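Visitor: Quick note: the sequence shown uses the working numbering, first residue 3, plus one each step.
All C-beta atoms, glycine included, are put in the ideal place defined by N, C-alpha and C.
Predicted, not measured: the structure shown is a model, and the values here were computed from it.
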Amino acid sequence: MNQIDQMGVRRFGRVNWLGTWTLTLREIKRFMNVWSQTVMAPLINAALFLMIFTIAIGSQRGDVMGVPFLVFLAPGILTMTVIQNAFANTSSSLASAKIQGNIVDTLMPPLSAGELVAGYIGGAVARGALVAIVIATVTAVFLGIGMQAPLWVVVFVILGSVLMGGLGMIAGIFANKFDQLSAISNFLVTPLAFLSGTFYSIEALPPFMQTLSHANPFFYIIDGVRFGMIGVSDSSPWIGLLVVSAACVVVLGVCLRWMHTGYRLKS
Numbered sequence: 003m004n005q006i007d008q009m010g011v012r013r014f015g016r017v018n019w020l021g022t023w024t025l026t027l028r029e030i031k032r033f034m035n036v037w038s039q040t041v042m043a044p045l046i047n048a049a050l051f052l053m054i055f056t057i058a059i060g061s062q063r064g065d066v067m068g069v070p071f072l073v074f075l076a077p078g079i080l081t082m083t084v085i086q087n088a089f090a091n092t093s094s095s096l097a098s099a100k101i102q103g104n105i106v107d108t109l110m111p112p113l114s115a116g117e118l119v120a121g122y123i124g125g126a127v128a129r130g131a132l133v134a135i136v137i138a139t140v141t142a143v144f145l146g147i148g149m150q151a152p153l154w155v156v157v158f159v160i161l162g163s164v165l166m167g168g169l170g171m172i173a174g175i176f177a178n179k180f181d182q183l184s185a186i187s188n189f190l191v192t193p194l195a196f197l198s199g200t201f202y203s204i205e206a207l208p209p210f211m212q213t214l215s216h217a218n219p220f221f222y223i224i225d226g227v228r229f230g231m232i233g234v235s236d237s238s239p240w241i242g243l244l245v246v247s248a249a250c251v252v253v254l255g256v257c258l259r260w261m262h263t264g265y266r267l268k269s
């Protein structure tokens, strides 16, 4: 029998680029089909946060780290919205497929664990980047907030989306019903995002809370984007790059392992 006709022989090279891109494109089309929820809703939420904080304390609050409070706040809200959407993209996709019983449609195609992870993460990065572009454009037009170091913004938006997309995969694989997924989002992701310097500089915290903040990868994502947008930050972006990259490696390693073994995906 010719080798090409044998079962299990990969006929598309070492990497199934077409299959990986198809999965990524499916994930992009999935969230774009409901763009009012995945793009417009985050924009409206970000605008509401900015409006509420401006009305409530903007006039009484002085400068933060040498910049107006509203200018300091905008990058934090942008980043918080990006990481929440990247997490939601992968977690909802995997959880929905499991609960609806069509996860086999993802597991059956000739895709390795690495290719499956790459496809899902690609969708999360696309959604995070799109949300970031939309919010950054609005803040630039209406608030005059530009980019001091655009490359740092791009790096931390991508790394943040990768990290949160990976965490979303872990949550989606682990959860067997939407209640469990909501609990993970409400009691883990949202508190970590809110308590990561989104609305304040960690210099205002007691030493113990500052130490906890420095152990939170979310803090470095927000701090890195803030540095790229307005040129100020609580820590060095290079340290943030190292911490977030290390967190990505750990999270993606778990995703690869679970996808390879079929943990909570295969009966």
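For a test of the three-state rule: what should DSSP assign to M9, helix, strand or coil?
Guide: Position 7 of the sequence shown, counted from the start, is the residue given in the question as residue 9. Its pLDDT being 48, under 50, M9 is placed unreliably by the model, and nothing is read from it.
Visitor: Could you tell me which residues DSSP pairs with V69 in its beta bridges?
Guide: Indexing the sequence shown from 1 puts residue 69 at position 67. Per DSSP, V66.
Visitor: Check the C-beta distance from V136 over to G167 and give it rounded, since I have them as a contact under 8 Å.
Guide: Taking the first residue of the sequence shown as 1, we reach residue 136 at position 134. Taking the first residue of the sequence shown as 1, we reach residue 167 at position 165. With a Cβ gap of about 18 Å, V136 and G167 do not count as contacting.
Visitor: Quick one: residues in its chain with C-beta nearer than 7 Å to the C-beta of T262, no 5 flanking neighbours on either side, listed in chain order?
Guide: The residue labelled residue 262 in the question sits at position 260 within the sequence shown. For the sequence presented, residue 262 should be read as His rather than Thr. Hits under 7 Å: A115.
Visitor: Pick helix, strand or coil for V229, following the three-state DSSP scheme.
Guide: Sequence index remark: in the sequence shown, residue 229 carries index 227 (1-based). One point to set straight first is that residue 229 is Phe, not Val, in the sequence displayed. Three-state result, F229: helix.
Visitor: If distances are taken between C-alpha atoms only, which option among L132, M171, K100 and F33 comes closest to Y122?
Guide: Looking up residue 122 in the sequence shown gives position 120. Per the Cα distances, M171.
Visitor: Closest to T22 by C-alpha separation, out of I204, S237 and P111, would be which residue?
Guide: The residue given as residue 22 occupies position 20 in the sequence shown. Checked all of I204, S237 and P111; the closest Cα to T22 is P111.
Visitor: Once the 5 residues before and after F176 are set aside, which same chain residues still bring their CB inside 8 Å of it?
Guide: Translated into positions along the sequence shown, residue 176 becomes position 174. Cβ within range, chain order: Q182, I186 and R266.
Visitor: Assuming L207 and S198 are in contact, meaning their beta carbons sit under 8 Å apart, how far apart are those beta carbons, in whole angstroms?
Guide: The count along the sequence shown starts at 1 and reaches residue 207 at position 205. The count along the sequence shown starts at 1 and reaches residue 198 at position 196. Going by Cβ atoms, the distance from L207 to S198 rounds to 11 Å, so no, they are not a contact pair.
Visitor: Looking at I79: is its Cβ nearer than 8 Å to the Cβ of A120?
Guide: Position 77 of the sequence shown, counted from the first residue, corresponds to residue 79. Position 118 of the sequence shown, counted from the first residue, corresponds to residue 120. No, these two residues do not count as a Cβ contact at 8 Å.
Visitor: Alpha carbon to alpha carbon, how far is V234 from M67?
Guide: The sequence position of residue 234 within the sequence shown is 232, counting from 1. The sequence position of residue 67 within the sequence shown is 65, counting from 1. The straight-line gap from Cα to Cα measures roughly 7 Å.
Visitor: Run the CB neighbour count on I54, radius 10 Å, all protein chains shown included, and call it buried at 16 or more, exposed below.
Guide: The sequence position of residue 54 within the sequence shown is 52, counting from 1. Counting Cβ neighbours within 10 Å, I54 comes out exposed, since fewer than 16 surround it.
Visitor: Write down the C-beta distance between W154 and P239 rounded to the nearest angstrom, noting that I regard them as a contact closer than 8 Å.
Guide: By one-based count along the sequence shown, residue 154 stands at place 152. By one-based count along the sequence shown, residue 239 stands at place 237. With a Cβ gap of about 5 Å, W154 and P239 count as contacting.
Visitor: Please look up how many angstroms separate the CB atoms of G124 and E29, rounded, as I've assumed it's under 8 Å.
Guide: To locate residue 124, count along the sequence shown from 1; it is residue 122. To locate residue 29, count along the sequence shown from 1; it is residue 27. Correct: roughly 7 Å between the Cβ atoms.
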